[in-house]
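Asks: Residue numbers (the numbering used here): -15 to 336. I have a structure here, written as structure tokens, and I will follow up with some questions on it.
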């Protein structure tokens, strides 16, 4: 039995509509492929070999920090596999298996043929930045960091937006009135300036930025969820559940929330892209992640500060353009998949 056979009829129709959109389908597979590659960034771009065979023994430097004395050295400190002496000692009685890109996001290449930033070459496929770090390695790590950050922020925003919007829409009255006035005040604040001020008051790191951005990112979901709860709370099956004495939390979770999530899910990809662009903007302005982090915004700043190295700006532009375009196309496919008009057109009957 196919996996889709376990889905409800409406879920199968939505999946059919999404599959019928070639642009959304290809974008989803392309984005997933890029994300999977970035998840294994340490296996693709690293200044530590994946495997070492020395004097008949096997070593996994990515998992274990071996001392320099293990490979014929004299120091008890972790081995530096890029050191010529260590490499020659290992290759004299074994071999090293390097990743396709033998540089991590923070590796400083001391053997550049050109002054940093150096142009693309066989050694550095996308060149280096002004500190001698491999641009492609930083793009791979930066892509993973941006996507994971956006995933966590989107999940937190979804939870807050659904809870707050659901409570306002279901109970209505004074709860909705007071909630709307507070949200109007909160949403009227200059978000980007507040993010810059708050980020400058504390030492920036991933979790601080996540918490600060979570204060504002849920606002866009509240109106959508609130409208769905306002509409659904007067439906007959909801009124019947109230008459039977079911608690409000159960009615909201079992009977109203599934309908509200239909509209909410179509909003997620656009919330996702907003999280990535905001993080990139903060990093570009210098109020984002700590210096040295694999940030796409920092790569954009590198391109602005080094106009004589056009590969930096071109790489940053193409990376962000491809990432955001794929997410927008996926969002369009989800929007069509949850639109009843497209479902009716794909199946030929609204009552199938």
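We put the beta carbon where it would ideally sit given N, CA and C, even for glycine. Note that the structure is predicted; figures quoted are calculated from it, not measured.
Can you tell me whether residue 29 is helix, strand or coil according to DSSP?
Replies: The residue labelled residue 29 in the question sits at position 45 within the chain shown. Three-state DSSP puts residue 29 in a strand.
Asks: So is residue 317 buried or exposed if we call it buried at 16+ other beta carbons inside 10 Å?
Replies: Your numbering for residue 317 matches position 333 in the chain shown. So residue 317 ends up on the buried side.
Asks: If you pair each beta-carbon of the stretch 183 to 199 with each one of the stretch 211 to 226, do three or more pairs fall below 8 angstroms?
Replies: Contact between the stretch 183 to 199 and the stretch 211 to 226 is absent, because fewer than three Cβ pairs lie under 8 angstroms.
Asks: Since residue 121 and residue 89 should fall inside the 8 angstroms C-beta cutoff, what is the C-beta to C-beta distance between them, to a whole number of angstroms?
Replies: For this step, residue 121 is matched to residue 137 along the chain shown. For this step, residue 89 is matched to residue 105 along the chain shown. That belief holds up - the Cβ atoms of residue 121 and residue 89 are roughly 5 angstroms apart, short of 8 angstroms.
Asks: Residue 74 and residue 38 look like a contact to me (Cβ under 8 angstroms); what is the Cβ gap, rounded to whole Å?
Replies: The residue you call residue 74 lines up with position 90 of the chain shown. The residue you call residue 38 lines up with position 54 of the chain shown. Going by Cβ atoms, the distance from residue 74 to residue 38 rounds to 5 angstroms, so yes, they are a contact pair.
Asks: Could you tell me which uninterrupted alpha helix (DSSP H) segments, each at least 4 residues in length, are contained entirely in the stretch -3 to 56, listed from first to last along the chain?
Replies: The stretch -3 to 56 contains these whole alpha helix (DSSP H) runs: 6 to 23, 25 to 28.
Asks: Suppose you measure from the CA of residue 249 to the CA of residue 136; what does that come to, to the nearest Å?
Replies: To locate residue 249, count along the chain shown from 1; it is residue 265. To locate residue 136, count along the chain shown from 1; it is residue 152. Distance between the alpha carbons of residue 249 and residue 136 is about 15 angstroms.
Asks: Need the endpoints of the alpha helix (DSSP H) that residue 203 sits in, please.
Replies: Locating residue 203 in the chain shown gives position 219, where the first residue counts as 1. Counting along the chain, the alpha helix (DSSP H) containing residue 203 begins and ends at 203 to 216.
Asks: Excluding the 5 residues preceding and the 5 following residue 251 in the sequence, name in chain order all residues of the same chain whose CB lies nearer than 8 angstroms to its CB.
Replies: Looking up residue 251 in the chain shown gives position 267. So the qualifying residues of the chain are 204, 205, 208.
Asks: How would you call residue 108, buried or exposed, if buried means at least 16 neighbouring beta carbons within 10 angstroms?
Replies: What you label residue 108 is simply residue 124 of the chain shown in a count that begins at 1. By the 10 Å Cβ count, residue 108 comes out buried.
Asks: Do you know offhand how far residue 171's Cα is from residue 165's?
Replies: Along the chain shown, read from residue 1 onward, the residue named residue 171 stands at position 187. Along the chain shown, read from residue 1 onward, the residue named residue 165 stands at position 181. Distance between the alpha carbons of residue 171 and residue 165 is about 10 angstroms.
Asks: Given this structure, state the Cα-to-Cα distance separating residue 297 from residue 173, to the nearest angstrom.
Replies: Working through the chain shown from its first residue, we reach residue 297 at position 313. Working through the chain shown from its first residue, we reach residue 173 at position 189. So the alpha carbons of these two residues sit roughly 32 angstroms apart.
Asks: May I have the straight-line CA-CA distance separating residue 112 from residue 0, to the nearest angstrom?
Replies: Here residue 112 corresponds to residue number 128 of the chain shown, with the count starting at 1. Here residue 0 corresponds to residue number 16 of the chain shown, with the count starting at 1. One C-alpha to the other measures close to 44 angstroms.
Asks: Roughly how far, in whole angstroms, is the beta-carbon of residue 391 from the beta-carbon of residue 129, given that I think they are within contact range, below 8 angstroms?
Replies: Here the chain comprises residues numbered -15 to 336, so residue 391 is not present and cannot be evaluated.
Asks: Using three-state DSSP, classify residue 166 as helix, strand or coil.
Replies: Taking the first residue of the chain shown as position 1, residue 166 is located at position 182. In this structure, residue 166 counts as helix in the three-state DSSP scheme.
Asks: Is the CB-CB distance between residue 150 and residue 241 below 8 angstroms?
Replies: Looking up residue 150 in the chain shown gives position 166. Looking up residue 241 in the chain shown gives position 257. For residue 150 and residue 241, yes; Cβs fall inside 8 angstroms.
Asks: In whole angstroms, what separates the C-alpha of residue 24 from that of residue 219?
Replies: Residue mapping note: residue 24 aligns to position 40 of the chain shown, counting from 1. Residue mapping note: residue 219 aligns to position 235 of the chain shown, counting from 1. Each residue's Cα considered, the two are about 48 angstroms apart.
Asks: Grab the span of the alpha helix (DSSP H) containing residue 82 for me, first residue to last.
Replies: Translated into the one-based positions of the chain shown, residue 82 becomes position 98. Where residue 82 is concerned, there is no enclosing alpha helix (DSSP H), given that its DSSP letter is neither H nor E.
Asks: Alpha carbon to alpha carbon, how far is residue 77 from residue 36? Give it in angstroms, no decimals.
Replies: Looking up residue 36 in the chain shown gives position 52. Looking up residue 77 in the chain shown gives position 93. Roughly 11 angstroms separates the two Cα atoms.
Asks: Just to confirm the assignment, what range does the alpha helix (DSSP H) spanning residue 295 have?
Replies: The count along the chain shown starts at 1 and reaches residue 295 at position 311. First-last of the alpha helix (DSSP H) with residue 295: 294 to 321.
Asks: If you run the structure through DSSP and keep just helix, strand and coil, what is residue 335?
Replies: Numbered from its first residue, the chain shown carries residue 335 at position 351. Note that residue 335 has pLDDT 40, beneath the 50 cutoff, so the model's placement of it is unreliable and the number below is only indicative. Coil, per DSSP.
Asks: What residues in its chain sit with their C-beta under 6 angstroms from that of residue 160, if we drop five residues either side in the sequence?
Replies: Here residue 160 refers to the residue found at position 176 of the chain shown. Excluding positions up to five away in sequence, the list reads 152.
Asks: What is the rounded straight-line gap between the Cα of residue 93 and the Cα of residue 141?
Replies: Within the chain shown, numbered from 1, the residue matching residue 93 stands at position 109. Within the chain shown, numbered from 1, the residue matching residue 141 stands at position 157. Roughly 40 angstroms separates the two Cα atoms.
Asks: Buried or exposed, going by whether 16 or more other CB atoms sit within 10 Å of the CB of residue 189?
Replies: Taking the chain shown and counting its residues from 1, the one referred to as residue 189 is at position 205. Its Cβ having fewer than 16 others within 10 Å, residue 189 is exposed.
Asks: Using the Cα positions of residue 118 and residue 176, report the straight-line distance between them to the nearest angstrom.
Replies: By one-based count along the chain shown, residue 118 stands at place 134. By one-based count along the chain shown, residue 176 stands at place 192. Their Cα atoms are separated by approximately 30 angstroms.
Asks: Quick one: grab the DSSP three-state call for residue 112.
Replies: By one-based count along the chain shown, residue 112 stands at place 128. Correct three-state label for residue 112: strand.
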